[in-house]
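*Asks:*
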Amino acid sequence: MKKKGKSLSIFIVIIAAILFFAFAGFKGFVLGGWEFKSFDKVITRGLDLQGGVSVLMEIQKDNVTPEELESTKEHLSLRVNKLGVAETVVATEGTNRVRVDVPGKSDSKEIVEDLSKSGNLVFKGPDGQEILSGSDVKKATAQANTEKGGYEIGLEFNDEGQKKFADATAKYIGQKISIYLDDEMIQEATVQTQINDGKAAITGNQTLEQCKATAGLINSGALPVPVKEVSVTNVGAELGATAFPNAMKSGAIGISLVFLLLLILYRYEGLIACITLTLYTILSLLTFIEVGVTLTLPGIAAFLLTIGMAVDAHILVYERTKEELKRGHSIKSAVKKGAEHALSSIIDSNMTTMLCALILYFIGSGSVKGFAITLMVGIIISLFTALIVNKLLVSLAVECGLLNKYSHFGVVKKEAEKHV
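To convert, note that position 49 of the sequence shown is 49 in the UniProt record's numbering; the numbers rise steadily by one, no gaps.
#1: Is residue 52 near residue 230, with beta carbons less than 9 Å apart?
#2: Could you work out which residue in 88, 73 and 112 is closest to residue 95 when comparing CA atoms only?
#3: Buried or exposed: which applies to residue 328, given that a residue is buried once 16 or more other Cβ atoms fall within 10 Å of its Cβ?
#4: Considering only C-alpha positions, which residue in the set 147, 311, 373 and 233 is nearest to residue 271?
#5: Here's a check: name, in chain order, each residue in its chain whose Cβ is nearer than 7 Å to the Cβ of residue 254, leaving out the five neighbours to either side.
#6: For a quick check, are the C-beta atoms of residue 177 and residue 168 less than 9 Å apart?
#7: So, helix, strand or coil for residue 374, using DSSP?
#8: In this structure, does DSSP put residue 76 in helix, strand or coil?
#9: DSSP on residue 33, reduced to helix/strand/coil?
#10: Assuming residue 52 is part of the beta strand (DSSP E), what are its boundary residues?
#11: What are the start and end residues of each continuous beta strand (DSSP E) run of 3 or more residues lying completely inside the UniProt domain "SecDF P1 head subdomain" (129-225), in chain order?
#12: By how many angstroms is the C-alpha of residue 269 removed from the C-alpha of residue 313?
#13: For the alpha helix (DSSP H) containing residue 339, name the first residue and the last one.
#14: Taking just the CA atoms, how far does residue 37 sit from residue 286?
#15: So the candidates are 93, 180, 103 and 88; which of them puts its Cα closest to the Cα of residue 129?
#16: Give the DSSP-derived three-state secondary structure of residue 328 in the structure shown.
#17: What is the rounded straight-line gap between the Cα of residue 292 and the Cα of residue 377?
#18: Taking the alpha helix (DSSP H) that residue 391 falls in, what are its first and last residues?
#19: Hey, is the segment 181-197 in contact with the segment 148-166, meaning 3+ C-beta pairs nearer than 8 Å?
#20: Is the segment 59-68 touching the segment 8-27 in the sense that three or more CB pairs, one from each, lie closer than 8 Å?
#21: Considering only residues of the same chain and omitting the five flanking positions on each side of residue 332, which have a CB-CB separation below 7 Å?
#22: Using the three-state DSSP reduction, which class does residue 424 fall into: helix, strand or coil?
#23: On a Cα-Cα basis, can you pick out the residue from 58, 92 and 103 that is closest to residue 45?
#24: Answer yes or no: do residue 322 and residue 91 have a C-beta to C-beta separation smaller than 9 Å?
#25: Helix, strand or coil for residue 92, going by three-state DSSP, please let me know.
#26: If you count every other CB in all the chains shown that lies within 10 Å of the CB of residue 420, and 16 or more means buried, which is it?
#27: So, is residue 144 buried or exposed, given that buried needs 16 or more other C-beta atoms within 10 angstroms?
#28: Quickly, what does DSSP pair residue 323 with across the bridge? List them, please.
#29: Using a Cβ-Cβ cutoff of less than 7 Å, which residues in the same chain neighbour residue 289 once the five nearest sequence positions on both sides are dropped?
#30: Is the beta carbon of residue 386 closer than 9 Å to that of residue 317?
#31: Going by C-alpha distance, which of 257, 404 and 302 is nearest residue 372?
#32: Residue 199 to residue 159, Cα distance in whole Å?
#33: Out of curiosity, what's the CA-to-CA distance linking residue 374 and residue 299?
#34: Give every residue of the same chain whose Cβ lies closer than 8 Å to the Cβ of residue 379, excluding the five residues on either side of it in the sequence, and list them in chain order.
#35: Could you check if residue 84 is buried or exposed, using at least 16 other CB atoms within 10 Å of its CB as the buried criterion?
#36: Taking the beta carbon of residue 206 as the centre, do at least 16 other beta carbons fall within 10 Å, making it buried, or is it exposed?
As structure tokens, then:
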């Protein structure tokens, strides 16, 4: 009796927690002046869901190196962020193109003109006086700081820049020199001593990725590459505003029908599956928010597809359980054997889908990559909820006596007696 009571308590706590987070995620609430925002307020939406401008820029140069492509991307990212638009997405496509998605904007001409301008990189002293220009920089690299640990940005100047920098570091010892790209400060550092050899390092609490990004911006300013738009797509705000609610409505109808089917076929066990799938939905949306996934219509399609994969995993387990019950096994034994026998089929089907998603991610571009990322995230979470959470909930329900009849699994006892 003590074991049953403990299992029942754990079962109730888990169910209550899932239902609470479901309510909080989809409705939101305010408690003591602190607001828990609903998913639709915090999740990042793509252009097709809120409207905006998508511009594909192409580098006008043969044999573009990966470094030049990345530098151009960082350069355009900094430039477009000056527009003050949140959720801007800048990504490389192919070997010489960069796509810039600017949500909530309608003036594509202004955006294209802003993106097409060549960069203007300058070094300024604390008095605002220009010390060097981008043409004085030979190269900038992200490198490890061998003395203090961590990472730093290494700078190397050409002959003319070497002399200018030596004079500036002598003048501004103990003061800061700032680096500006298009009047936007991207880095600043305090001069420790005069530097005469034309090589300097910008240290500080920076990650390797931050150092790479800044070095890319400095290189793009020092060696600007011409870019030209090859396609401009405008998505109207009205279309985007209509698309999102319609997508949510169709998704809700589809999920509701799936839940209804589970309840009809598997009864109480199907009810547990509905609760598990609710948890899957919550975890997926939370992951999208934390990772910064931009949700698009293809992404919503991928999300609904992964719900189908999650349902498939539950059905495989439940059908195996029903087979074991029909063979005359006890409920506890049938639940255990059903999960074990379905495991290989579940892993095989999900790994095949994961492989397809990986291929789409590395070969595809734009919305195809978004589809692939959403699909991969969904597969991983669906395996967790189906193989771990659902198995735990069903086991607890069996131990506490909530699942103690064949009919609770959608099996008629007479069918089981025929196989004994």
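From the three backbone atoms N, C-alpha and C, an ideal C-beta is built for every residue, glycine too.
*Replies:* The relevant details are as follows:
#1: Note that the C-beta distance between residue 52 and residue 230 is not below 9 Å.
#2: 73
#3: So residue 328 counts as exposed.
#4: Closest in alpha carbon position to residue 271, among 147, 311, 373 and 233, is 311.
#5: So the list reads 304, once near-sequence residues are dropped.
#6: yes
#7: helix
#8: helix
#9: coil
#10: 52-59
#11: Within the UniProt domain "SecDF P1 head subdomain" (129-225), the complete beta strand (DSSP E) segments at least 3 residues long are 130-133, 137-144, 151-157, 176-181, 184-190 and 199-202, listed from N- to C-terminus.
#12: 13 Å
#13: 331-363
#14: 12 Å
#15: 180
#16: coil
#17: 12 Å
#18: 390-399
#19: yes
#20: The answer is no - the segment 59-68 does not touch the segment 8-27, with fewer than three Cβ pairs under 8 Å.
#21: Around residue 332: 398.
#22: Outside the shown range of the chain, which is 1 to 420, sits residue 424, and nothing can be said about it.
#23: 103
#24: In this structure, residue 91 does not lie closer than 9 Å to residue 322 by Cβ.
#25: strand
#26: Only weak support is given to the placement of residue 420: the predicted model assigns it a pLDDT of 45, under 50, and the value that follows is read from those uncertain coordinates. The residue is exposed, with fewer than 16 neighbouring Cβ atoms inside 10 Å.
#27: Exposed, since its Cβ has fewer than 16 Cβ neighbours within 10 Å.
#28: DSSP output for residue 323 lists no bridge partner at all.
#29: Taking C-beta separations shorter than 7 Å and ignoring five residues to either side along the sequence, the partners of residue 289 in its chain run 42 and 43, following chain order.
#30: yes
#31: 302
#32: 11 Å
#33: 6 Å
#34: 306, 309, 350, 353, 354 and 357
#35: Caution is warranted here: a pLDDT of 44 is assigned to residue 84, below 50, making its placement in the model unreliable, and no coordinate value can be reported.
#36: buried
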